[in-house]
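Take a look at the structure below.
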Amino acid sequence: MVDINRDWAEETRDMIGGGDSMVVTADVTEEASCRDIVRQALDRFGRIDVLHNNVGLSKGDRATPDLGADIWDRIMTLNLKSMFMLCKAALPSMRERRSGSIITISSTSSLSMRPTVAYKTSKGAINTFTQHVAAENAAFGVRANVILPGLINTPMAIERRAEESGRSRNEIRAERDALVPMGKMGEARDVANAAVFLASDEAKYITGALLPVDGGLLLKRG
Numbered sequence: 029m030v031d032i033n034r035d036w037a038e039e040t041r042d043m044i045g046g047g048d049s050m051v052v053t054a055d056v057t058e059e060a061s062c063r064d065i066v067r068q069a070l071d072r073f074g075r076i077d078v079l080h081n082n083v084g085l086s087k088g089d090r091a092t093p094d095l096g097a098d099i100w101d102r103i104m105t106l107n108l109k110s111m112f113m114l115c116k117a118a119l120p121s122m123r124e125r126r127s128g129s130i131i132t133i134s135s136t137s138s139l140s141m142r143p144t145v146a147y148k149t150s151k152g153a154i155n156t157f158t159q160h161v162a163a164e165n166a167a168f169g170v171r172a173n174v175i176l177p178g179l180i181n182t183p184m185a186i187e188r189r190a191e192e193s194g195r196s197r198n199e200i201r202a203e204r205d206a207l208v209p210m211g212k213m214g215e216a217r218d219v220a221n222a223a224v225f226l227a228s229d230e231a232k233y234i235t236g237a238l239l240p241v242d243g244g245l246l247l248k249r250g
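Quick note on my numbering: the sequence shown kicks off at 29 and runs consecutively.
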């Protein structure tokens with residue numbers, strides 16, 4: 029598990045029941061850090077079976093006329109460039125073993141209209157890059173897929189919107205629930221279950237897929 033904040037990574041590690049895990053503190057926007065993450069994983073475990081890219085930033089995003097170039101660069105660097113650099117670092121060992129699964133968290137916003145531009149564009153580019161990686165590495169036994177979460181009930185999503193709007197958390201939850209055809213937001217575990225499936229041999233013939241985990245949200249928007 030990798031995070032720029034060690035406490036957050038250790039909190040996630042403590043949720044794991046059994047198994048072996050390692051926490052690495054690193055800045056994934058730096059290429060040297062990405063190479064070091066892969067090196068430490070190989071030193072500890074001897075191989076990389078799964079690379080799970082799960083970072084995202086939308087803070088400061090605006091409509092195009094109001095969006096600063098500095099915010100654009102920050103969002104693109106964290107959301108897209110970090111994923112590219114980690115894939116680049118991990119692929120050689122996966123190709124050598126002729127096995128591996130790369131799973132990246134994108135967003136349903138990558139396939140729907142959104143009032144802000146940088147986040148949506150970064151996630152759309154993730155979809156395209158993942159499909160390129162899938163095609164480029166299929167002959168080496170390496171799969172690459174994307175998960176598209178919809179509205180997920182996470183503390184970060186609720187707290188930020190409550191803070192920005194001045195409304196209660198319950199109001200935010202009710203508003204988001206009402207947007208989903210299945211009647212409520214998803215939970216983090218719903219996204220995690222999709223990732224476990226894509227990482228497993230049950231998905232051994234799936235590559236280049238964009239998997240929505242959204243309760244039908246894209247159907248409503250589309």
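Note that CB positions come from ideal geometry on N, CA and C, so glycine has one too.
Please read all numbers here as calculations on a predicted model, not as lab measurements.
Within the region 72–150, complete beta strand (DSSP E) segments of at least 3 residues are found at 78–81, 128–133, given in chain order. Between the C-alpha atoms of His-160 and Ser-196 there is a straight-line separation of about 42 Å. The beta carbons of Pro-209 and Gly-236 sit about 26 Å from each other, so the pair does not count as a contact at 8 Å. Nearest neighbour of Lys-87 by Cα position, chosen from Leu-226, Ile-175, Glu-192, turns out to be Glu-192. Each residue's CA atom was taken as its position, placing Ser-121 and Arg-75 some 7 Å apart. Close CB contacts of Ala-54 within its chain, under the 6 Å cut and outside five residues either way in sequence, are with Val-30, Ser-61, Ile-65 (chain order).
Below 8 Å, too few C-beta pairs join the region 133–145 and the region 184–191 to call them touching: fewer than three. Each residue's CA atom was taken as its position, placing Met-111 and Ile-154 some 8 Å apart. By the Cβ-count criterion, Gly-178 is buried, with 16 or more other Cβ atoms from all chains shown falling within 10 Å of its own Cβ. The straight-line gap separating the alpha-carbon atoms of Leu-247 and Asp-229 is approximately 29 Å.
In this structure, Leu-119 places its C-beta atom within 8 Å of the C-beta atom of Val-170. Going by C-alpha positions, Ser-140 is about 11 Å away from Leu-176. Burial is judged here by how many other beta carbons sit within 10 angstroms of a residue's own beta carbon; Asp-89 has at least 16 and is buried.
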